[in-house]
Structures are given as C-alpha cells and as structure tokens.
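A.B. asks:
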Amino acid sequence: GAGVSQTPSNKVTEKGKYVELRCDPISGHTALYWYRQSLGQGPEFLIYFQGTGAADDSGLPNDRFFAVRPEGSVSTLKIQRTERGDSAVYLCASSLSQGDNEQFFGPGTRLTVL
Amino acid sequence: DQQVKQNSPSLSVQEGRISILNCDYTNSMFDYFLWYKKYPAEGPTFLISISSIKDKNEDGRFTVFLNKSAKHLSLHIVPSQPGDSAVYFCAAVRTYKYIFGTGTRLKVLA
Chain E
1 GAGVSQTPSN KVTEKGKYVE LRCDPISGHT ALYWYRQSLG QGPEFLIYFQ
51 GTGAADDSGL PNDRFFAVRP EGSVSTLKIQ RTERGDSAVY LCASSLSQGD
101 NEQFFGPGTR LTVL
Chain A
1001 DQQVKQNSPS LSVQEGRISI LNCDYTNSMF DYFLWYKKYP AEGPTFLISI
1051 SSIKDKNEDG RFTVFLNKSA KHLSLHIVPS QPGDSAVYFC AAVRTYKYIF
1101 GTGTRLKVLA
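Protein chains in written order, with our numbering: chain E, 1 to 114; chain A, 1001 to 1110.
This is the structure:
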C-alpha cells in the first residue's frame, strides 16, 4: 500500500519568499504530524493534527509557520517570509490514531533558503 | 535542553558482530521508547519499541533494553549485517509527542 508522500522532495527559495510543503498521509490515518530535522539533529516536533484540527502546535517556532489540514487528510505546512535558518528537512508522519505506537514517516522535503 | 541524548554520533562494527547503540533520557514521565532507522533520502522507519514498564523487548535480531533507574536504553543488533548501515534514532514518547535523539550513524563493515 501507499506510504506517506511529501511534495516537493526539494525546494530552493530565496530569503523572504513564501513556501508551501504538502503531505499526503496514509489513507485512513487520522493523526498527522510535522517535524523539522536540521543538519546533525534528530527530527523536532512542530505540530500535530487529529482529524482537521491542530491539537498541538506548540512546536511551531514562530508565527511565520502555519499548517492546515482542511479535510482531515492532506496537510500543508506554510512558511511566510522565509529565513536562512528555516533551511532543513521537513518530515511528515501519520498514524492510525493518536494513541498508536507507530508513526509512519514520509521521505521529507528538503528546504533550502538562499 | 536536550531531553533525549545519543552521545555517539557514529559507530563501526564488523559484519556478524554485535552492534550496541545507546540512548539516555532525562524525563521519567515518558510512556514508551522507540528506535527508528533512517537511510539517506528516506524518512525514518520504525524498528522496535519498548513500554516504560518493561525492561526488554526482542524482535528477531533486534533487542531493546531499558534501564529506568539509569534513564538509559540501548539497542542491540546481532548479528550485524551490511544492510543495517544507517542512522539510528531513539525517541521517547509521551502521549503522541515524539522526542528524538540526534542519531547514531552505524556502519557495518563487510
């Protein structure tokens, strides 16, 4: 079956621009998570959706970052006025439900801000 | 403040020998712990988990040990195979939130 997919796989943008990163979770998974992985670090939690609502956005670094999941499936992470420090791999994961042990990760989007 | 630490950034092991990857944590309130494996240009994939009420969990060549008093867990891979070469992340979990360590790059030499 299809796993978690993320598009684009790579995104290069200029400082100050707006970007959108897309995540398609595994069909039927109600929980969706975004993580950011900087070079030499482990993934860091950004936001968690249960269905359509953001149940926990405590990991978003500032108000330039926003994520939506309007129909409870596909999610988009939006970054406004990008900065060089936003360069990282953005990972999306989904799980069957909140209490499920295993989160399934997508391949990530590598964002480079020049 | 790093709640989950993997102090060895890299490890090399001969094929057929045991690989031991270590992880330390600071918070006693985690519900369970997991190990994920990551190949280049792929997302992390789940390997094995252990509940905070257990001290050992085994799955084939992979065994995870949890020492709650020392706040330490380890992943043992035996025998190690070249295909095990990857970056290994431990993660501590409270409800839905995963807190990852910085990873250990394992290289299994043929």
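We treat Cβ as the ideally placed atom computed from N, Cα and C, and that holds for glycine. Treat the numbers as computed from the prediction; the structure is a model and nothing was measured.
1. Tell me the rounded alpha-carbon separation between residue 69 of chain E and residue 17 of chain E.
2. Are any of the Cβ atoms in chain E nearer than 8 angstroms to that of residue 1040 of chain A?
3. Does DSSP put residue 106 of chain E in a helix, a strand or coil?
4. May I have the straight-line CA-CA distance separating residue 113 of chain E from residue 60 of chain E, to the nearest angstrom?
5. So what's residue 53 of chain E in DSSP terms, helix, strand or just coil?
6. Counting only beta-carbon atoms, is residue 90 of chain E nearer than 8 angstroms to chain A?
7. Alpha carbon to alpha carbon, how far is residue 1040 of chain A from residue 1083 of chain A?
8. Among residues of its own chain, excluding the 5 on either side of residue 1038 of chain A, which ones have a beta-carbon nearer than 8 angstroms to its beta-carbon?
9. Using a beta-carbon distance below 8 angstroms, is residue 49 of chain E in contact with chain A?
10. Please classify residue 43 of chain E: is it buried, with 16 or more other beta-carbons within 10 angstroms of its beta-carbon, or exposed?
11. So residue 4 of chain E contacts chain A; which residues on that side make the cut at Cβ distance below 8 angstroms?
12. Take every Cβ of the stretch 65 to 82 of chain E, pair it with every Cβ of the stretch 1005 to 1023 of chain A, and state whether three or more of those distances are shorter than 8 angstroms.
13. Measure from the alpha carbon of residue 1061 of chain A to the alpha carbon of each residue in A:1095, A:1032, A:1080, A:1034, then state which is nearest.
14. Whole angstroms are fine: how far does the CA of residue 48 of chain E sit from the CA of residue 54 of chain E?
15. Distance, Cα to Cα, residue 73 of chain E vs residue 1109 of chain A?
16. What are the complete beta strand (DSSP E) segments, minimum 3 residues, inside the stretch 1031 to 1096 of chain A?
17. Of the residues that make up the stretch 44 to 68 of chain E, which ones have a beta carbon closer than 9 angstroms to any beta carbon in chain A?
18. I want to see whether chain A comes within less than 8 angstroms of residue 80 of chain E, judged by CB atoms only; does it?
19. Check the Cβ-Cβ distances between residue 1103 of chain A and every residue of chain E, and say whether any is below 8 angstroms.
C.D. replies: Concretely, from the data shown:
1. 22 angstroms
2. no
3. coil
4. 18 angstroms
5. strand
6. no
7. 13 angstroms
8. 1044, 1045, 1086, 1087, 1088, 1089, 1103
9. no
10. buried
11. 1043
12. no
13. A:1080
14. 6 angstroms
15. 42 angstroms
16. 1032 to 1038, 1045 to 1051, 1056 to 1059, 1062 to 1067, 1072 to 1077, 1086 to 1094
17. 44, 45, 48, 50, 55, 56, 58, 59
18. no
19. yes
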